[in-house]
Amino acid sequence: MAATVRPRKTSSDTSRGAAGAVTESRIARGRATLAPVERRELGKTGMSVSVLGFGGSEIGYERVSARAVARLLQGALDAGLNVIDTAECYDNSESLIGRALAGRRDEVFLFTKCGHAAGWGRADWRAKPLLASIERSLQRLRTDRVDLIQLHSCELATLRRGEAIEALEQARARGLARFIGYSGDGEAARYALETGRFDTLQTSVSIADQEAIELTLPLARARQVGVIAKRPLANAAWRHARKPGDSYIQDYWTRLRALDYEFLRGEMDAAVSVALRFTLSLSEVATAIVGTTRPERWQANAALLAAGPLPPAEAARIRARWKDVASPRWVGQV
Ligand SMILES: NC(=O)c1ccc[n+]([C@@H]2O[C@H](COP(=O)([O-])OP(=O)(O)OC[C@H]3O[C@@H](n4cnc5c(N)ncnc54)[C@H](OP(=O)(O)O)[C@@H]3O)[C@@H](O)[C@H]2O)c1
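Counting in the numbering used here, the sequence shown runs without a single skipped number right up to 502 at its last residue.
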């Protein structure tokens, strides 16, 4: 598994009860009214999730203000968002989300991760610290349980030892989390599926990261494990004219240069629309948790999905181009 170190520079919506009960979400964007955002079943969990989710790493790492996060999430909830993913190590992301969701906790499925309570790169996979980290996440998120707790990209050897998985099972048994998942890629993700012990898999899949399409997604489907697509836009790495200094997105930038998809040469919105709809053309993917720092971005991306499913011929072209160009070293990026 390639190691990518993430930490960087330091409506008119109506009835709502449980998150899954939101049916008629429409947003007014200028004069346009958007169609409701599609929902898909997340494996066997019973969670019916918006295909466009929210990834919480950017708001933490980029130090977005509490006010902007509240605007961002409140607006997205009004527009049909019902799944938020974060982690204990995304700086203050959990606290920002907890604060922004005040009074609206039951409108959303809340996912977090554990394993790096002392920060990325200082992992601890022993049961006691994992459980303590989960308790801390609940406090920060201002909730008494999360809908999903995930092991945050531990190595295959850690999974094999079993203690970390047992810790998550204990958390579920104690009611701290409703479901448990593995978040990661490559052989570790494959092994996680083979154990039969996880309800979900969060894994990288996008126009620039297609290893999972053959390595793990078919098995996830066979085992009815819900799939959450992380980094689903490949960090929109193509928007940078030169190779970015941020090592987190350099690989995707380089890959996309080589892939040279024609649709990336056009307007940004049209390119994002194709990229996002490619990830969602994979029927195993229940939700794509796009990260953003910007209020209104979620609604704008939801509007790009209104174009409908990506035509199968276009998805096939993207897949064929990958098969032609991808190097065997282009493995799933953490
Ligand atoms: N190991 C793990 O478990 C792991 C690892 C990585 C990520 N994740 C999860 O996956 C989530 C998503 O990953 P990510 O945020 O790294 O990648 P991503 O969702 O592929 O890309 C996010 C980037 O795309 C940009 N973007 C979004 N919409 C855009 C648009 N319409 N036009 C132009 N740019 C746009 C955002 O910029 P703006 O701020 O300008 O919108 C942001 O910089 C994370 O937040 C996290 O929850 C998990």
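All residues carry an ideal CB built from backbone N, CA and C; glycine is no exception.
Being a predicted model, the structure only gives us computed values, none of them experimental.
Item, Value
"Closest residue to LEU316 among GLU230, ARG290, ARG485, GLY349 (Cα-Cα distance)", "GLY349"
"Ligand 1 heavy atom lying under 7 Å from the CB of GLN392", "no"
"Min CB distance SER351 to chain C below 8 Å", "Absent from the structure is chain C; it holds one protein chain and no more."
"For ALA456 and ARG239, the rounded distance between their alpha carbons", "21 Å"
"Beta carbon of SER405 nearer than 8 Å to that of ALA376", "Here the sequence assigns Ala to residue 405, which means Ser is not the residue at that position. Cβ atoms of ALA405 and ALA376: closer than 8 Å."
"ILE302: first and last residue of the uninterrupted alpha helix (DSSP H) it sits in", "295 to 309"
"Validate contact between the segment 422 to 435 and the segment 350 to 363 using beta carbons, cut 8 Å, 3 pairs", "no"
"Which residues DSSP lists as bridging GLY503, in chain order", "Outside the modelled stretch of the chain, which goes from 169 to 502, sits residue 503, for which no answer is possible."
"Any 3 or more C-beta pairs closer than 8 Å across the segment 221 to 234 and the segment 450 to 466", "yes"
"Residue burial classification, ASP312 (beta-carbon count within 10 angstroms, cutoff 16)", "exposed"
"Secondary structure of GLU209, DSSP reduced to three states", "strand"
"Beta-ladder partner(s) of ILE348, from DSSP", "ILE317"
"Three-state class that DSSP yields for ILE375 in the structure shown", "coil"
"Local Cβ density within 10 Å of ASP367, reported as buried at 16 or more and exposed below that", "buried"
"CA-to-CA distance, GLU382 to ARG399, given in whole angstroms", "18 Å"
"Inter-residue Cα distance where the pair is HIS284 and VAL395", "22 Å"
"ARG425, buried or exposed, once every other Cβ within 10 Å from all chains shown has been counted against 16", "exposed"
"Cβ neighbour criterion (16 or more within 10 Å) applied to ARG410", "exposed"
"Neighbour-count burial assignment, THR280, 16 or more Cβ in a 10 Å radius", "buried"
"Helix, strand or coil at SER218 [DSSP, three-state]", "strand"
"Candidates ALA335, ASP492, SER449, LYS491, of which the one nearest GLU482 by Cα", "SER449"
"Beta-carbon gap between LEU361 and THR384 smaller than 8 Å", "yes"
"8 Å contact criterion, which ALA295 and GLU331 should meet: CB distance rounded", "5 Å"
"Straight-line Cα distance separating GLU323 from LEU298", "15 Å"
"Distance cut-off 7 Å: GLY223 Cβ against heavy atoms of ligand 3", "Absence of ligand 3 is noted for the structure shown, with ligand 1 being the only ligands found."
"For ASP312, three-class secondary structure by DSSP", "coil"
"Run of the beta strand (DSSP E) containing LYS109, from where it starts to where it stops", "The question about residue 109 has no answer here: the residues shown for the chain are numbered 169 through 502."
"Length of the line joining the Cα atoms of ARG310 and GLY228", "17 Å"
"Collapsed DSSP secondary structure at LYS281 in the structure displayed", "strand"
"Those residues which DSSP pairs with ASP414 across a bridge", "BP columns for ASP414 are empty, so no partner."
"Ligand 1 heavy atom lying under 7 Å from the CB of GLY128", "Examination of residue 128 is not possible in this model, given that the chain is present from 169 through 502 alone."
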